[in-house]
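Read in order, the letters of the sequence shown are residues 1 to 127 in this note's numbering.
Beta carbons are placed, not taken as given, at the ideal position from N, Cα and C, and that holds for glycine.
Worksheet: the structure to be examined is printed underneath.
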Amino acid sequence: MGRALGFIGLIIALAIGMYIYSKQAQSAAPAGGGSPKATIDLNGVKQDLINIAKAERGRMATDGKYLPLDELISGGDLHMSSNNRGGYTYSVEINGTTFKVVATYGGTVEGYPKTLWCDDSMDVHQE
Numbered sequence: 001m002g003r004a005l006g007f008i009g010l011i012i013a014l015a016i017g018m019y020i021y022s023k024q025a026q027s028a029a030p031a032g033g034g035s036p037k038a039t040i041d042l043n044g045v046k047q048d049l050i051n052i053a054k055a056e057r058g059r060m061a062t063d064g065k066y067l068p069l070d071e072l073i074s075g076g077d078l079h080m081s082s083n084n085r086g087g088y089t090y091s092v093e094i095n096g097t098t099f100k101v102v103a104t105y106g107g108t109v110e111g112y113p114k115t116l117w118c119d120d121s122m123d124v125h126q127e
């Protein structure tokens, strides 16, 4: 009898673990599809925003000013082959002593964040 209760307890624990795992996997995937490629693209966009923000902070430290995205790339501060990824297009909004790096979604898949952005706080936000 003790072995049967132990086995039933093990099955219940495994079921609870699988349920928790599946819920966390769903929340980590983008709402617009959840394919591995989409998840990789969205994480890549977030990392690109942080890299652009780091380049802006570095430029401010050396020259005392922020630069448009094209100038960061052409000046060698940022190594990117293009200003887009996974349906998102990057831009930098400069306002005196502040900047905001914006990724705007122009794709056709529903559920993706329309806008992701990062500033000198180095946190990625979505709208």
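{"query": "Starting from the C-beta of L14, find all residues in its chain whose C-beta is less than 7 Å away, skip the five residues before and the five after it, and write them out in chain order.", "result": "none"}
{"query": "Let me check one thing: in DSSP terms, what residues is S91 bridge-paired to?", "result": "V102"}
{"query": "Measuring CA to CA, which of N84, A55, L116, T89 is closest to G76?", "result": "A55"}
{"query": "May I have the straight-line CA-CA distance separating R59 from Y19, to the nearest angstrom?", "result": "47 Å"}
{"query": "What residue from G111, L10, G96, Y90 has the CA that sits closest to K46's CA?", "result": "Y90"}
{"query": "Which term fits L5, buried or exposed, when burial requires 16 or more other beta carbons within 10 angstroms of its beta carbon?", "result": "exposed"}
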